[in-house]
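Numbering (the working numbering), first residue to last: 1 to 245.
The C-beta atom is built at its ideal place from N, Cα and C for all residues, glycine as well.
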Amino acid sequence: MESNPLAEKAPVGEFSGKALGRVFRCFTEPRAVFAEIAARPTFFWVLLLTVVLSLGVQLVLAPRIDMEATVLQGISRAGKEIPEEQVREAVNTANRFRTFGLVLAPLGALAVTLLLGGVYFLGLKVAGSEAEYPPVLSAVAHAGFPPGLAKSVLLSVVASTREPFPAQEIPRLLKSNVAAFLPEDAPRVLTALGGVLDVFNVWYWLLLAWGLAAVGGVSLRKSAGVVAVLWGAWALLQVVLALLR
């Protein structure tokens, strides 16, 4: 892959203000940021902000979740009948794990980002790219931050104005995907597919296609194909899981 003159003229340190600026410049000039990442990937700030963002959302959502309603709705959807004593025990267990979830969610967000970096790295290899894992991970993380931040802020604002609600309502709080407009008794397959067709996902797909093309040294058509295939596989997995429930 040819060297990028942007990096040669202005090297970016991992912990520098320029590296931090890259994260937010993805809102306004993503293609320039991805060109810089192709030559000098950075990780610290974008991964740190991803973890902080996940923790912040959990701090807002956790107190708003009605655990009893969550458990009862889960039992109802499963078509089961459980004695009241077992219901209370399930609610108590869920409440005990509420704090644990505050720790698990940020770590999960970090793990998912690292995993996605690996998945798209393999996807680019199949497409003929010679890219290494670090720039692919950096591109994936930076591509996910703008839609992630926008969605998290809106979700937090909406949730903070609501009375306590069951966890199952979280995907419907924002009217940003097709599933949010389907009736609650809609077929699970349609709901699963509708959840994938989300405004923030589309934003993410566009940024991913640009980012992977830049760091992978492949055409935009190829990078878009990688994104389409992998997200198609994700949608298929959601359908399979919906059928198994």
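- Judged by pairs of C-beta atoms under 8 Å, the region 58-70 touches the region 154-165, as three or more such pairs exist.
- Nearest Cα to A192 within the set A235, V126, A139 and T50: A235.
- With fewer than 16 other CB atoms across the displayed protein chains lying within 10 angstroms of its CB, L244 is exposed.
- Within the region 4-54, the runs of alpha helix (DSSP H) at least 4 residues long that lie entirely inside it are, in chain order, 5-9, 17-25 and 30-39.
- Rounded to the nearest angstrom, the gap between the Cα atoms of A150 and L104 is 22 Å.
- Annotation: V46 to N92 spans about 36 Å, alpha carbon to alpha carbon.
- In summary, L173 is buried, with 16 or more beta-carbon neighbours lying within 10 Å of its beta-carbon over all protein chains present.
- L116 and S16 have their C-alpha atoms spaced approximately 25 Å apart.
- Where I75 is concerned, the enclosing alpha helix (DSSP H) starts and stops at M67 to R77.
- Boundaries of the alpha helix (DSSP H) around T93: E84 to R96.
- Distance between L206 and S152, taken at the CA atoms: about 19 Å.
- For N177, the pairing in a beta bridge is given by DSSP as D198.
- Check the Cα spacing between S223 and each of L182, A139 and E36: the tightest is with A139.
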